[in-house]
Amino acid sequence: MLAFKQIFLSAVFLFSLITLSLSQEEKEEEEKKEYDPTENRRPENVTGLGDFYSWVGSYYNATVEAEFVVDFTPYVEPHKQCEEVRNFSTTIKYDAILSVLEHRKENPGNNSLEFWLTLMPQASGPTNVSDFGAWWMRDGQNRSYVFSAQPLDAPYYRLHTGPDYFNFTTTQVTGGAYNFTETVAGLDAATWQNMKVPVCNSTEYKDEWRVTILDQGYYFTQDEGLWTGSVEYDYPKTSLQFDNKTANMTFAAFWVAYAIKQPNYHEVVDNPSLPTWRHSSVIGRVSFNFSGVLDEYHSDVLSLENSSPVWQRTVGFGNNPANIGYGDTPDNGADRTIGGIGLALMAVIVSIGIVL
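What the sequence shown shows, in mature numbering (1 follows the signal peptide of the UniProt record, and there is no 0), is residues -23 to -1, 1 to 333, in sequence order.
Written out as structure tokens, the structure is:
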């Protein structure tokens, strides 16, 4: 009888321990999924949404053709630059997604929205942005971005603030579309992938160049041996118009590119029999137009009834049949609790059976 009592008490203790552990896990899971309506992030209850689409707003898809043209080599007479570089121009095709989002409280400024334009070279093959990780803007992949505010693409960055890079003037045009024109741009409003550009000395340099979109500044140029003075560069220029069906955006900027050395360039430089090429940077212009169509599957409902954009939060709330996750079975905590108790009880029965 005493032995049975000990077994019974041990079983009760084991049952309590397992159910307590399950309750703690459920509590931690609920805390993870706690939703803050003051943020512009969506609730984390939609399977397959991914981090890329975790922000409240509208998403538009398009194909973009960006034209890059070399203007000159800074501080170098044009005739001293090889013809392949001096006359270089190219058009790069991208699959593009324009994310027009609620303005975040982490970004001080008076803009009523922020945008991120993600450009993925078609030459790299198709990309599923839902597979992007939390650090998708910083993962080193072959993508380019234009953004109006500091990209806070990971939960860690939600604890910090970042500036608006563009100050927009907002107007509403006939038909309800919102029109934004940039008046002053800030620093670092774009990041760009490396680009294929010819080189004048392939022994010393790769035909891959590191590209940076210029913010503001000036460079000295020469023409037929005469200094022509400085050329001043402005911040990137952009305009944006969008409604609940389409979006159009223009972008024009200056860029600088630097040729990347070959891995064995030290051997080349140290060998006087091999010529070196010192004019390994160029300045140019880039421009493109984005004409996109709304991705209803990933977008909240945009109201056109206000002077500034306002979104009805639908993704993750089950109130728009066009959205991802609509009709999904809600996460039922009671069912999980009952299932957990059953699992604990089964574990106790098995334990008693082993002892007996």
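Every residue, glycine too, gets a C-beta built ideally from N, C-alpha and C.
These numbers were taken from a predicted model, which means no experiment stands behind them.
- In this structure, residue 225 and residue 271 do not form a Cβ contact; the two beta carbons are roughly 12 Å apart against a cut-off of 8 Å.
- For residue 29, same chain residues with a beta-carbon under 7 Å away, outside a window of 5 residues either side, are 106, 107, 109 and 113 in chain order.
- The three-state reading of DSSP puts residue 273 in helix, counting H, G and I together.
- Minimum Cα-Cα distance from residue 289 among the listed residues 295, 279, 298 and 283 corresponds to 279.
- Apart from the 5 residues on each side of it in sequence, residue 186 sits with its Cβ closer than 7 Å to the Cβ of 171, 172, 174, 234, 235, 236 and 237 in its chain, given in chain order.
- From the listed residues 89, 219 and 65, the smallest Cα separation to residue 184 is found for 65.
- Around the beta carbon of residue 155, a 10 Å sphere encloses 16 or more other beta carbons of the protein chains shown; the residue is thus reported as buried.
- Spanning the alpha carbons of residue 36 and residue 59 requires a straight line of approximately 43 Å.
- Residue 139 is positioned such that its CB atom lies closer than 7 Å to that of residue 127.
- Under the criterion of beta carbons closer than 8 Å, residue 34 and residue 79 qualify as touching, at roughly 6 Å.
- Sequence-distant Cβ neighbours of residue 62 in its own chain, meaning closer than 8 Å and more than five residues away, are 47, 50, 174, 175, 176, 177, 256 and 259.
- At a Cβ-Cβ threshold of 7 Å, residue 277 and residue 287 do not count as neighbours.
- Under the three-state reduction of DSSP output, residue 99 falls in the helix class.
- The Cβ atoms of residue 191 and residue 231 lie closer than 7 Å to each other.
- Under the three-state reduction of DSSP, residue 18 is assigned to strand.
- Apart from the 5 residues on each side of it in sequence, residue 101 sits with its Cβ closer than 6 Å to the Cβ of 119 in its chain, given in chain order.
- In this structure residue 24 is not in contact with residue 72, their Cβ atoms being roughly 24 Å apart against a cut-off of 8 Å.
- Measuring C-alpha to C-alpha distances from residue 297 to each of 281, 273 and 284 identifies 273 as the nearest.
- In the three-state DSSP reduction, residue 11 falls in the coil class, being neither helix nor strand.
- Counting only residues of its own chain and dropping the five nearest sequence neighbours on each side, residue 281 has a CB closer than 7 Å to the CB of 153, 220 and 221.
- For residue 185, the uninterrupted beta strand (DSSP E) run begins and ends at 182 to 190, by DSSP.
- Sequence-distant partners of residue 214 (beyond 5 residues in either direction) whose C-beta falls short of 6 Å from its own C-beta, in its chain, are 229.
- Note: residue 70 is bridge-paired with 42 in the DSSP secondary-structure output.
- Per DSSP, the unbroken beta strand (DSSP E) holding residue 233 starts and ends at 223 to 238.
- Cβ-Cβ separation between residue 145 and residue 124: approximately 13 Å, too far for a contact (criterion under 8 Å).
- Per DSSP, the continuous beta strand (DSSP E) segment holding residue 278 begins and ends at 278 to 280.
- DSSP places residue 108 within a helical segment (H, G or I) once states are collapsed to three.
- Its Cα nearest to that of residue 116, the residue 168 stands out among 90, 168 and 31.
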